[in-house]
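> Residue numbering for the sequence shown follows my numbering, beginning at 35 and increasing consecutively.
For glycine and all other residues, C-beta sits at the position ideal for the given N, C-alpha and C.
Take a look at this one; I'll ask things after.
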Amino acid sequence: ADQFAEISKWRARKEDIGLATARAEAVRRAKRVLDLDEELAGNLDKLTELIKASPAAALLEEPGVGPFSAAVCFTAWSHPGRVRNEAAFAALAGVNPIPASSGNTHRHRLNRGGDRQLNRALHTVIMNRMVHDERTRKYVARHYGEDPTKKSKKEIRRKLKWYLARRVYKILNALDTVPQPA
């Protein structure tokens, strides 16, 4: 951002037409980037206000869940009764386990279906938790450290997303029991 701010302050010079055009274009694009950054910051502030004022505010208390992820989860859940149980919400998110066993090997694979935006929001939260949340880091270390041939990072992420989808469903479904003002 500092470079863009510096470039946006460049002034026109007496120079070759090619350099003058390149300079003018660089200034124009730098100003555009700064304007878009400002617009994005404003949008994030508005989204944060909306989520905090909505019933989905409880999601923001979960580690790694930001306003965008909370909004995507709340939008996918929509309203009480739309999703009948945790398993249905996990299937909606595309994080439910699908059996992929053969012989003596019992595995589950990723579900490639479902709401991809919801899946991406859950993935973002999980990636954040894998870096910043102590409990998640311990879980990953415990399961990955057991035997790397047994559980890959992909399998661990799938399980974490499945757990998170169930947790999000419980939080959102608890909103149904809260009495609505008349």
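Shortest alpha-carbon distance to Thr158 belongs to which of Ala199, Leu53 and Gly179?
The residue you call residue 158 lines up with position 124 of the sequence shown. Of Ala199, Leu53 and Gly179, the residue nearest in Cα terms is Ala199.
> Exposed or buried, which one is Ala90 when buried takes at least 16 other CB atoms within 10 Å?
For this step, residue 90 is matched to residue 56 along the sequence shown. That one is buried.
> Among the candidates Arg143, Asp71 and Arg118, whose CA atom is the shortest distance from the CA of Arg191?
One-based indexing of the sequence shown puts residue 191 at position 157. Selected option, being the one with the closest Cα: Arg143.
> When the distance is taken between beta carbons, is Tyr203 closer than 8 Å to Glu120?
In the sequence shown, residue 120 corresponds to position 86, counting from 1. In the sequence shown, residue 203 corresponds to position 169, counting from 1. Yes, the pair counts as a contact, with Cβ atoms nearer than the cut-off.
> Would you say the segment 154–173 touches the segment 96–112, given that touching needs at least three Cβ pairs under 8 Å?
Yes, the segment 154–173 touches the segment 96–112.
> Just checking my contact of Ile85 with Leu74 at CB under 8 Å: how many whole Å lie between their CB atoms?
Position 51 of the sequence shown, counted from the start, is the residue given in the question as residue 85. Position 40 of the sequence shown, counted from the start, is the residue given in the question as residue 74. So it is not a contact: roughly 16 Å between Cβ atoms.
> What residues match up with His142 in a beta bridge as DSSP calls it?
As a first step, residue 142 is located in the sequence shown; it is residue number 108 there, counting from the start. BP columns for His142 point to Pro133.
> Expressed to the nearest angstrom, what Euclidean distance is found between the alpha-carbon atoms of Val165 and Ala58?
Start at 1 with the first residue of the sequence shown, and residue 165 comes out as number 131. Start at 1 with the first residue of the sequence shown, and residue 58 comes out as number 24. Whole-angstrom Cα-Cα distance: 42 Å.
> Excluding sequence positions up to five away, which residues of its chain have a Cβ less than 6 Å from the Cβ of Ala60?
For the purposes of this step, residue 60 is taken as the residue at position 26 of the sequence shown. Taken in chain order, the residues that qualify are Ile41.
> Compare the beta carbon distance of Ser126 and Leu152 with 8 Å and say whether it is the shorter of the two.
Translated into the one-based positions of the sequence shown, residue 126 becomes position 92. Translated into the one-based positions of the sequence shown, residue 152 becomes position 118. Per the sequence shown, the amino acid found at residue 126 is Leu instead of Ser. Taking 8 Å as the Cβ cut-off, Leu126 and Leu152 qualify as a contacting pair.
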